[in-house]
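In this note's numbering, the protein residues as written are 1119 to 1346. Take a look at the structure below.
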(Lines of atoms letter the chains of each structure in order from A and count residues from 1; the text may use other names and numbers.)
(Lines give C-alpha, C1' and ligand atoms only; values in the text may rest on other atoms or scores of the structure.)
Protein backbone atom coordinates (compact mmCIF):
# COMPACT_ATOMS: atom_id res chain seq x y z
CA UNK A 1 0.00 0.00 0.00
CA UNK A 2 2.84 2.37 0.83
CA UNK A 3 4.11 2.16 -2.74
CA UNK A 4 0.92 3.71 -4.11
CA UNK A 5 0.14 6.42 -1.56
CA UNK A 6 1.47 9.16 -3.85
CA UNK A 7 -0.24 7.85 -7.01
CA UNK A 8 -2.81 9.98 -8.81
CA UNK A 9 -6.33 9.16 -7.71
CA UNK A 10 -5.19 7.45 -4.50
CA UNK A 11 -5.98 8.71 -1.00
CA UNK A 12 -4.93 6.74 2.10
CA UNK A 13 -6.17 7.56 5.58
CA UNK A 14 -5.41 5.68 8.79
CA UNK A 15 -8.13 5.75 11.46
CA UNK A 16 -7.76 4.52 15.04
CA UNK A 17 -10.44 2.15 16.30
CA UNK A 18 -10.03 3.63 19.81
CA UNK A 19 -10.81 0.30 21.39
CA UNK A 20 -14.13 -0.11 19.62
CA UNK A 21 -14.90 -3.79 19.07
CA UNK A 22 -16.09 -4.96 15.69
CA UNK A 23 -13.03 -4.08 13.61
CA UNK A 24 -14.04 -0.55 12.60
CA UNK A 25 -13.73 2.95 13.98
CA UNK A 26 -17.06 4.56 14.80
CA UNK A 27 -16.15 7.29 12.30
CA UNK A 28 -15.91 4.92 9.33
CA UNK A 29 -19.57 5.07 8.17
CA UNK A 30 -19.49 8.87 7.98
CA UNK A 31 -16.12 8.79 6.23
CA UNK A 32 -17.51 6.35 3.66
CA UNK A 33 -20.46 8.63 2.96
CA UNK A 34 -18.14 11.63 2.57
CA UNK A 35 -15.81 9.79 0.18
CA UNK A 36 -18.74 8.45 -1.81
CA UNK A 37 -20.24 11.93 -2.11
CA UNK A 38 -16.84 13.24 -3.26
CA UNK A 39 -16.87 10.80 -6.18
CA UNK A 40 -14.51 8.06 -5.00
CA UNK A 41 -15.88 4.98 -6.76
CA UNK A 42 -13.52 2.39 -5.25
CA UNK A 43 -13.04 2.52 -1.48
CA UNK A 44 -11.01 -0.16 0.31
CA UNK A 45 -11.26 -0.61 4.07
CA UNK A 46 -8.74 -2.69 6.01
CA UNK A 47 -10.13 -3.70 9.40
CA UNK A 48 -7.99 -3.91 12.54
CA UNK A 49 -7.72 -7.69 12.53
CA UNK A 50 -9.36 -11.01 11.89
CA UNK A 51 -11.05 -11.73 15.19
CA UNK A 52 -14.33 -13.58 15.26
CA UNK A 53 -16.25 -10.52 16.42
CA UNK A 54 -14.77 -8.13 13.88
CA UNK A 55 -17.58 -8.42 11.38
CA UNK A 56 -19.09 -4.92 11.35
CA UNK A 57 -17.51 -4.39 7.95
CA UNK A 58 -20.37 -6.47 6.52
CA UNK A 59 -22.79 -3.62 7.22
CA UNK A 60 -20.90 -1.02 5.22
CA UNK A 61 -19.18 -2.79 2.32
CA UNK A 62 -20.27 -4.08 -1.07
CA UNK A 63 -17.74 -6.93 -1.08
CA UNK A 64 -16.01 -8.55 1.91
CA UNK A 65 -12.58 -10.07 1.28
CA UNK A 66 -11.11 -12.30 4.01
CA UNK A 67 -7.36 -12.87 3.80
CA UNK A 68 -5.57 -15.93 5.16
CA UNK A 69 -2.13 -17.47 4.75
CA UNK A 70 -0.59 -20.92 5.21
CA UNK A 71 1.59 -21.77 8.18
CA UNK A 72 -0.54 -20.10 10.83
CA UNK A 73 -1.46 -23.32 12.60
CA UNK A 74 -5.12 -24.18 12.85
CA UNK A 75 -6.19 -20.56 12.47
CA UNK A 76 -8.54 -21.64 9.75
CA UNK A 77 -10.47 -23.58 12.37
CA UNK A 78 -11.75 -20.44 13.51
CA UNK A 79 -11.21 -18.25 10.58
CA UNK A 80 -13.55 -17.94 12.56
CA UNK A 81 -17.10 -18.71 11.97
CA UNK A 82 -18.22 -15.09 11.86
CA UNK A 83 -15.75 -14.12 9.16
CA UNK A 84 -16.52 -17.13 7.00
CA UNK A 85 -20.20 -16.25 7.16
CA UNK A 86 -19.69 -12.71 5.84
CA UNK A 87 -16.93 -13.45 3.30
CA UNK A 88 -17.64 -12.89 -0.40
CA UNK A 89 -14.06 -13.68 -1.43
CA UNK A 90 -11.56 -15.81 0.48
CA UNK A 91 -7.89 -15.25 -0.34
CA UNK A 92 -5.03 -17.59 0.50
CA UNK A 93 -1.98 -15.35 0.15
CA UNK A 94 1.62 -16.61 0.07
CA UNK A 95 0.28 -19.62 -1.75
CA UNK A 96 3.81 -20.58 -2.82
CA UNK A 97 4.61 -21.60 0.77
CA UNK A 98 4.31 -25.13 2.18
CA UNK A 99 0.84 -26.13 3.39
CA UNK A 100 -0.88 -23.61 1.10
CA UNK A 101 -2.89 -26.40 -0.54
CA UNK A 102 -3.91 -27.67 2.89
CA UNK A 103 -5.09 -24.21 3.94
CA UNK A 104 -7.07 -23.92 0.71
CA UNK A 105 -8.68 -27.33 1.30
CA UNK A 106 -9.51 -26.46 4.92
CA UNK A 107 -11.29 -23.32 3.82
CA UNK A 108 -13.33 -25.15 1.21
CA UNK A 109 -14.35 -27.80 3.74
CA UNK A 110 -15.39 -25.20 6.30
CA UNK A 111 -17.51 -23.43 3.71
CA UNK A 112 -19.79 -26.47 3.65
CA UNK A 113 -20.96 -25.37 7.11
CA UNK A 114 -21.94 -21.94 5.84
CA UNK A 115 -25.55 -20.90 5.42
CA UNK A 116 -26.41 -22.05 1.86
CA UNK A 117 -28.70 -19.06 1.36
CA UNK A 118 -25.65 -16.79 1.38
CA UNK A 119 -24.17 -18.40 -1.70
CA UNK A 120 -20.63 -19.66 -2.15
CA UNK A 121 -17.72 -17.21 -1.87
CA UNK A 122 -14.90 -17.28 -4.38
CA UNK A 123 -11.63 -18.83 -3.15
CA UNK A 124 -8.50 -17.30 -4.70
CA UNK A 125 -4.80 -18.13 -4.24
CA UNK A 126 -2.27 -15.30 -4.54
CA UNK A 127 1.40 -14.46 -4.09
CA UNK A 128 1.05 -10.73 -3.59
CA UNK A 129 4.79 -10.03 -3.42
CA UNK A 130 5.14 -11.34 -6.98
CA UNK A 131 1.80 -10.14 -8.30
CA UNK A 132 0.58 -13.67 -8.92
CA UNK A 133 -3.14 -14.31 -8.73
CA UNK A 134 -4.03 -10.63 -8.53
CA UNK A 135 -5.96 -10.69 -11.80
CA UNK A 136 -8.03 -13.60 -10.50
CA UNK A 137 -8.64 -11.66 -7.28
CA UNK A 138 -9.72 -8.57 -9.21
CA UNK A 139 -12.12 -10.63 -11.32
CA UNK A 140 -13.61 -12.30 -8.22
CA UNK A 141 -14.17 -8.96 -6.47
CA UNK A 142 -15.66 -7.40 -9.62
CA UNK A 143 -18.08 -10.32 -10.05
CA UNK A 144 -19.22 -10.18 -6.43
CA UNK A 145 -19.61 -6.42 -6.60
CA UNK A 146 -21.84 -6.77 -9.67
CA UNK A 147 -24.06 -9.19 -7.71
CA UNK A 148 -24.34 -6.67 -4.88
CA UNK A 149 -25.17 -3.84 -7.28
CA UNK A 150 -28.18 -5.81 -8.48
CA UNK A 151 -29.86 -4.85 -5.21
CA UNK A 152 -31.86 -1.64 -5.40
CA UNK A 153 -30.26 1.58 -4.18
CA UNK A 154 -33.11 1.98 -1.71
CA UNK A 155 -32.50 -1.49 -0.23
CA UNK A 156 -28.77 -0.88 0.15
CA UNK A 157 -29.32 2.57 1.68
CA UNK A 158 -31.82 1.17 4.18
CA UNK A 159 -29.32 -1.49 5.28
CA UNK A 160 -26.55 1.11 5.65
CA UNK A 161 -28.72 3.50 7.65
CA UNK A 162 -29.94 0.73 9.94
CA UNK A 163 -26.35 -0.25 10.76
CA UNK A 164 -25.34 3.38 11.26
CA UNK A 165 -28.22 4.07 13.66
CA UNK A 166 -27.49 0.92 15.67
CA UNK A 167 -23.79 1.78 16.02
CA UNK A 168 -24.58 5.37 16.99
CA UNK A 169 -27.05 4.30 19.68
CA UNK A 170 -24.56 1.80 21.11
CA UNK A 171 -21.81 4.44 21.17
CA UNK A 172 -24.09 6.94 22.91
CA UNK A 173 -25.16 4.37 25.50
CA UNK A 174 -21.53 3.36 26.18
CA UNK A 175 -20.61 7.02 26.67
CA UNK A 176 -23.47 7.59 29.11
CA UNK A 177 -22.71 4.36 30.97
CA UNK A 178 -19.13 5.46 31.53
CA UNK A 179 -20.44 8.74 32.98
CA UNK A 180 -22.26 7.05 35.87
CA UNK A 181 -20.40 7.91 39.05
CA UNK A 182 -18.11 5.37 40.68
CA UNK A 183 -20.06 5.34 43.95
CA UNK A 184 -23.23 4.22 42.19
CA UNK A 185 -21.35 1.53 40.28
CA UNK A 186 -19.75 0.25 43.49
CA UNK A 187 -23.14 0.10 45.22
CA UNK A 188 -24.60 -1.92 42.35
CA UNK A 189 -21.58 -4.24 42.29
CA UNK A 190 -22.02 -4.88 46.02
CA UNK A 191 -25.75 -5.52 45.57
CA UNK A 192 -24.96 -8.06 42.85
CA UNK A 193 -22.31 -9.86 44.90
CA UNK A 194 -24.55 -10.01 47.98
CA UNK A 195 -27.50 -11.30 46.01
CA UNK A 196 -29.70 -8.29 46.78
CA UNK A 197 -30.14 -7.66 43.07
CA UNK A 198 -29.96 -10.01 40.10
CA UNK A 199 -27.86 -9.31 37.02
CA UNK A 200 -31.00 -8.44 35.04
CA UNK A 201 -32.00 -5.94 37.72
CA UNK A 202 -28.53 -4.37 37.66
CA UNK A 203 -28.70 -4.02 33.88
CA UNK A 204 -32.17 -2.46 34.04
CA UNK A 205 -30.99 -0.01 36.70
CA UNK A 206 -27.98 1.05 34.64
CA UNK A 207 -30.11 1.51 31.53
CA UNK A 208 -32.54 3.75 33.43
CA UNK A 209 -29.70 5.74 35.01
CA UNK A 210 -28.03 6.16 31.61
CA UNK A 211 -31.27 7.32 30.00
CA UNK A 212 -31.59 10.11 32.59
CA UNK A 213 -28.14 11.51 31.81
CA UNK A 214 -27.71 14.36 29.30
CA UNK A 215 -26.87 13.42 25.74
CA UNK A 216 -23.22 13.38 24.74
CA UNK A 217 -24.09 14.14 21.10
CA UNK A 218 -23.13 17.68 20.14
CA UNK A 219 -25.17 19.77 17.74
CA UNK A 220 -22.50 19.35 15.05
CA UNK A 221 -22.71 15.55 15.31
CA UNK A 222 -26.35 15.44 14.31
CA UNK A 223 -27.31 14.44 10.80
CA UNK A 224 -29.34 16.81 8.60
CA UNK A 225 -32.26 14.38 8.94
CA UNK A 226 -32.31 15.00 12.68
CA UNK A 227 -33.03 18.68 12.10
CA UNK A 228 -35.59 18.19 9.34
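C-beta: ideal position from N, C-alpha, C; glycine also.
Check, Outcome
"Delimiting residues of the beta strand (DSSP E) encompassing residue 1252", "Unbroken run through residue 1252 is the alpha helix (DSSP H), 1252-1267; no beta strand (DSSP E)."
"Rounded straight-line distance, which links the Cα of residue 1329 to that of residue 1285", "17 Å"
"Simplified DSSP state of residue 1242, which is helix, strand or coil", "strand"
"Simplified DSSP assignment, three categories, for residue 1213", "coil"
"Any beta strand (DSSP E) of 3 or more consecutive residues that is wholly inside the region 1277-1341", "none"
"Distance CB(residue 1234)-CB(residue 1188) smaller than 9 Å", "no"
"N-terminal and C-terminal residue of the beta strand (DSSP E) that residue 1186 is part of", "1183-1186"
"Best match in 1206, 1212, 1247 and 1210 for proximity to residue 1232 [C-alpha to C-alpha]", "1206"
"Sufficient close CB pairs (3 or more, under 8 Å) joining the region 1172-1183 to the region 1207-1214", "yes"
"Rounded straight-line distance, which links the Cα of residue 1305 to that of residue 1293", "20 Å"
"Alpha-carbon spacing of residue 1131 relative to residue 1148, whole angstroms", "14 Å"
"According to DSSP, residues forming a beta bridge with residue 1208", "1184 and 1241"
"Close-in-space but distant-in-sequence residues of the same chain around residue 1175 (CB under 7 Å, 5 per side omitted)", "1141, 1142, 1163, 1165 and 1182"
"Inter-residue Cα distance where the pair is residue 1281 and residue 1177", "6 Å"
"Coarse secondary structure for residue 1142, derived from DSSP in three states", "coil"
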